[in-house]
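Have a look at the structure below before the remarks.
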Amino acid sequence: MAERSELIFLPLGGSGEIGMNMNLYAVGPAHKRQWIMIDCGVTFADERDPGIELICPDPDYIVNEVTQGGGELLGLLLTHGHEDHIGAVALLWPRLKCPIYATRFTAGLVARKFAEKGIIDPPMTILDMGDSLELGPFDMRFVTLTHSIPEPSGIIIRTEFGTVLHTGDWKIDTDPTLGPVTDHETLTRIGDDGVLAMICDSTNVLSTGESGSEMGVRENLIELIGKQKGRVAVTTFASNVSRLVSICEAARENDRSVCLLGRSMLRMIDVARETDILPPALSFVEPDAAGYLPRDKVLYLCTGSQGETRAALARIARDDHRDLVLEDGDTVIFSSKIIPGNERGIFDLQNQLVELGVRVITEKDEHIHVSGHPCRDELEQMYKWVRPQKAVPVHGEARHLEEHAIFAAELGVDDTLAPRNGEVIRLAPGRLAVIDEVPSGRLMLDGNLLLPEGSGAVKERRKLSWGGQVVIAAVLDRNGLVAPPEVSMMGVPLADAEGEEMQALLEDKAEDVLDGLPKSRLKDDGEVEMSLRRAIRNLLNDRWGKTAHINVLIIRV
Numbered sequence: 001m002a003e004r005s006e007l008i009f010l011p012l013g014g015s016g017e018i019g020m021n022m023n024l025y026a027v028g029p030a031h032k033r034q035w036i037m038i039d040c041g042v043t044f045a046d047e048r049d050p051g052i053e054l055i056c057p058d059p060d061y062i063v064n065e066v067t068q069g070g071g072e073l074l075g076l077l078l079t080h081g082h083e084d085h086i087g088a089v090a091l092l093w094p095r096l097k098c099p100i101y102a103t104r105f106t107a108g109l110v111a112r113k114f115a116e117k118g119i120i121d122p123p124m125t126i127l128d129m130g131d132s133l134e135l136g137p138f139d140m141r142f143v144t145l146t147h148s149i150p151e152p153s154g155i156i157i158r159t160e161f162g163t164v165l166h167t168g169d170w171k172i173d174t175d176p177t178l179g180p181v182t183d184h185e186t187l188t189r190i191g192d193d194g195v196l197a198m199i200c201d202s203t204n205v206l207s208t209g210e211s212g213s214e215m216g217v218r219e220n221l222i223e224l225i226g227k228q229k230g231r232v233a234v235t236t237f238a239s240n241v242s243r244l245v246s247i248c249e250a251a252r253e254n255d256r257s258v259c260l261l262g263r264s265m266l267r268m269i270d271v272a273r274e275t276d277i278l279p280p281a282l283s284f285v286e287p288d289a290a291g292y293l294p295r296d297k298v299l300y301l302c303t304g305s306q307g308e309t310r311a312a313l314a315r316i317a318r319d320d321h322r323d324l325v326l327e328d329g330d331t332v333i334f335s336s337k338i339i340p341g342n343e344r345g346i347f348d349l350q351n352q353l354v355e356l357g358v359r360v361i362t363e364k365d366e367h368i369h370v371s372g373h374p375c376r377d378e379l380e381q382m383y384k385w386v387r388p389q390k391a392v393p394v395h396g397e398a399r400h401l402e403e404h405a406i407f408a409a410e411l412g413v414d415d416t417l418a419p420r421n422g423e424v425i426r427l428a429p430g431r432l433a434v435i436d437e438v439p440s441g442r443l444m445l446d447g448n449l450l451l452p453e454g455s456g457a458v459k460e461r462r463k464l465s466w467g468g469q470v471v472i473a474a475v476l477d478r479n480g481l482v483a484p485p486e487v488s489m490m491g492v493p494l495a496d497a498e499g500e501e502m503q504a505l506l507e508d509k510a511e512d513v514l515d516g517l518p519k520s521r522l523k524d525d526g527e528v529e530m531s532l533r534r535a536i537r538n539l540l541n542d543r544w545g546k547t548a549h550i551n552v553l554i555i556r557v
């Protein structure tokens with residue numbers, strides 16, 4: 001009996017977390033599925049992973065499915081250009097080797113990432129907003145939405161089992177400052193025709209009301225900047241081109257020239273200009289010229305809203321930026337929100353600015369930021385347009401996904417499922433069901449290398465960040481020690497509570513251990529290493545209250 005065909009949804013990133021989105025759909029029997037991938041993003045590491053900057057989903061399952069399991073990856077579709085949706089494309093494409101489909105602005109950002117990796121002419125097809133394409137059993141159309149970056153699109157996926165709407169990131173902005181409004185006519189039309197399932201953004205499901213319009217932010221920025229007398233620096237997410245244009249408009253209304261500071265700000269403006277998204281009259285002054293302008297005639301648009309230590313604003317706060325010094329009477333405006341996990345870095349940055357005499361204004365003080373994700377009223381409106389039979393929340397932590405599933409049920413959807421990364425979910429036929437679980441790990445970008453999350457290098461670095469390192473070197477011959485053992489320390493206190501030097505204590509202990517070992521055990525490197533490790537660990541615990549990463553080097557002569 002032939003195995004039946006199914007419509008499958010598989011998240012490998014972005015379900016149970018915010019960021020690192022990677023979603024897969026398949027049609028076919030288990031032994032021969034045809035797949036599409038939607039989005040391929042990163043998340044940013046924190047202090048728990050020293051030396052790591054970016055983390056991305058591990059695509060091993062889909063790579064093995066294609067190379068060994070009889071499956072086929074037909075293409076990668078990108079909903080928009082945020083890093084949590086495109087940041088891993090150039091990193092992982094050499095393993096995926098599939099065609100890429102994106103609108104012009106998103107494709108421009110991805111092309112730069114490929115160029116940085118030295119990948120020439122990847123197979124990327126540029127689509128217009130609202131375009132359609134067909135890949136195997138999938139008949140798809142990009143549908144225009146609004147978000148905090150140009151050209152955000154949901155993807156309508158038509159299959160033999162029915163229609164699925166994958167929203168990507170979105171909000172409902174009835175008065176956007178850049179780009180078209182949400183294509184609610186298309187959303188209503190597919191709802192009239194019948195939608196099997198909606199896979200939908202959950203980021204703001206815990207927030208009541210609406211996210212708010214960019215136009216309101218623009219008007220408040222114009223008024224706020226008009227009240228400032230000295231230099232003004234504004235920081236925001238570089239990808240929010242609508243906000244960048246609003247800030248430039250606020251500067252123009254207040255007779256200020258705009259100077260861009262920060263590589264990502266320059267890159268985003270370049271791509272927006274190349275793809276004809278920027279208003280043609282928008283102009284900027286170079287940093288070396290901006291310094292000669294009167295203090296009340298210039299506005300600096302800076303990277304660094306999340307406290308990034310290498311961004312322009314952090315360098316300004318440390319007073320080591322070559323083009324700008326801020327001082328008493330100047331103002332810094334944070335036209336952004338705090339992404340959870342970044343609180344310490346942002347507050348440290350703001351305190352540094354205050355120490356310089358700078359006035360700091362945030363979205364807590366003025367209405368100068370709105371979210372790019374839908375709050376509950378907007379979610380309710382989307383469900384009224386689309387009227388899906390099934391709801392699968394994505395793009396959220398566990399609490400967001402579970403609450404979204406409850407909310408969808410309250411809105412009349414009687415078949416809901418809150419997924420986790422690696423769960424193979426059957427969308428059809430039948431009710432939603434988790435039918436399998438596959439590996440869904442993380443890869444960490446360590447310099448130029450992608451390492452598995454549990455790799456030895458990262459684990460050892462975590463240990464070093466907790467207790468430092470002690471290295472014992474011992475030179476032995478067949479009779480025992482040739483010379484006193486030497487100890488080097490890194491990250492270990494120089495002295496104990498009584499003021500005794502830790503290095504001398506460790507060297508004395510190592511010598512005592514080696515002198516006390518019988519010759520039969522001295523001949524065994526394993527016995528020597530184990531005895532030294534145990535003794536050094538006990539001494540550190542006794543004198544310090546914790547231990548270090550201990551390495552033993554034995555040299556035989």
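Okay, so the sequence shown: first residue is 1 according to the UniProt record's numbering, each after it adds one. Beta carbons are placed, not taken as given, at the ideal position from N, Cα and C, and that holds for glycine.
On the CB-based measure, 16 or more other CB atoms within 10 Å of its CB, does Trp466 come out buried or exposed? exposed
My output table needs one value for Tyr25: the three-state DSSP class, helix, strand or coil. strand
Cα-Cα separation, Ala474 to Glu529: 10 angstroms
Cβ atoms of Trp544 and Asp512: under 8 angstroms apart, would you say? no
Looking only at C-alpha atoms, which of Ala408, Pro279, Leu301 and Asn538 sits nearest to Met265? Leu301
Cross-strand partners of Arg158 (DSSP beta bridge): Asp139 and Thr163
Please work out which residues of its chain come closer than 6 angstroms, Cβ to Cβ, to Arg33, disregarding the five sequence neighbours upstream and downstream, and give them in chain order. Ala26 and Gly71
Measure from the alpha carbon of Ala311 to the alpha carbon of each residue in Arg295, Pro279, Val42 and Ile346, then state which is nearest. Ile346
DSSP state of Trp385 mapped onto helix, strand, coil: helix
Burial state of Tyr292, where buried means 16 or more other Cβ atoms lie within 10 Å: exposed
Between which two residues does the beta strand (DSSP E) containing Arg34 stretch? The question names Arg, yet the displayed sequence has Gln at residue 34. From DSSP, the beta strand (DSSP E) with Gln34 extends over Gln34 to Ile38.
Flag this pair as yes or no: are the beta carbons of Gly372 and Lys171 separated by less than 8 angstroms? yes
Cβ contact check for the region 182-194 and the region 80-100: 3 or more pairs under 8 angstroms: no
Bridge partners of Leu539, per DSSP? According to DSSP, Leu539 bridges with nothing at all.
Identify the residues that DSSP records as bridge partners of Asn551: which are they? Val471
Exposed or buried, which one is Gln306 when buried takes at least 16 other CB atoms within 10 Å? buried
Run through DSSP, which three-state label would Tyr292 get? coil
Is it buried or exposed, Ala90, if we count other Cβ atoms within 10 angstroms and call 16 or more buried? buried
According to DSSP, what are the bridge partners of Asp415? Lys390
N- and C-terminal bounds of the beta strand (DSSP E) containing Pro374: Careful: Pro374 lies outside any beta strand (DSSP E) and carries neither H nor E.
Measuring CB to CB, does Val370 end up less than 8 angstroms from Ser213? yes
Starting from the C-beta of Asn421, find all residues in its chain whose C-beta is less than 7 angstroms away, skip the five residues before and the five after it, and write them out in chain order. Pro11, Leu12, Gly13, Ser15, Gly16 and Ser440
Proximity test, Arg218 beta-carbon vs the ligand MN heavy atom, cut-off 7 angstroms: Within the structure as shown, the ligand MN is missing, as the structure has no ligands at all.
According to DSSP, simplified to helix, strand and coil, what is His82? coil
Could you tell me whether the region 481-490 touches the region 56-76, using the rule of 3 or more Cβ pairs below 8 angstroms? no
Considering only the alpha carbon of each residue, which of Ile55, Leu206, Pro279 and Met124 lies closest to Gly454? Ile55
Only counting the same chain, and skipping five residues up and downstream in sequence, which positions put a Cβ closer than 6 angstroms to that of Leu432? Lys390, Asp415 and Leu417
The beta strand (DSSP E) enclosing Val298, as first and last residue numbers: Val298 to Cys302
Tell me whether Leu145 sits in a helix, a strand or coil according to DSSP, three-state version. coil
On the CB-based measure, 16 or more other CB atoms within 10 Å of its CB, does Glu134 come out buried or exposed? exposed
Run through the region 299-370 for me and flag every whole beta strand (DSSP E) of 3 or more residues, listed as ranges in chain order. 331-334 and 359-361
Evaluate the contact criterion for the region 278-291 versus the region 240-249: three or more CB pairs, one atom per stretch, below 8 angstroms. yes
Residue range of the alpha helix (DSSP H) that Gly454 falls in? Per DSSP, Gly454 belongs to no alpha helix (DSSP H) and is neither H nor E.
Assigned secondary structure, Leu125 (DSSP; H/G/I helix, E/B strand, else coil): Correcting the residue type first, residue 125 is Thr in the shown sequence and not Leu. The answer is strand: DSSP assigns Thr125 an E or B state.
CB of Arg256 within 8 angstroms of CB of Val298, strictly: yes
Evaluate the contact criterion for the region 139-152 versus the region 37-52: three or more CB pairs, one atom per stretch, below 8 angstroms. no
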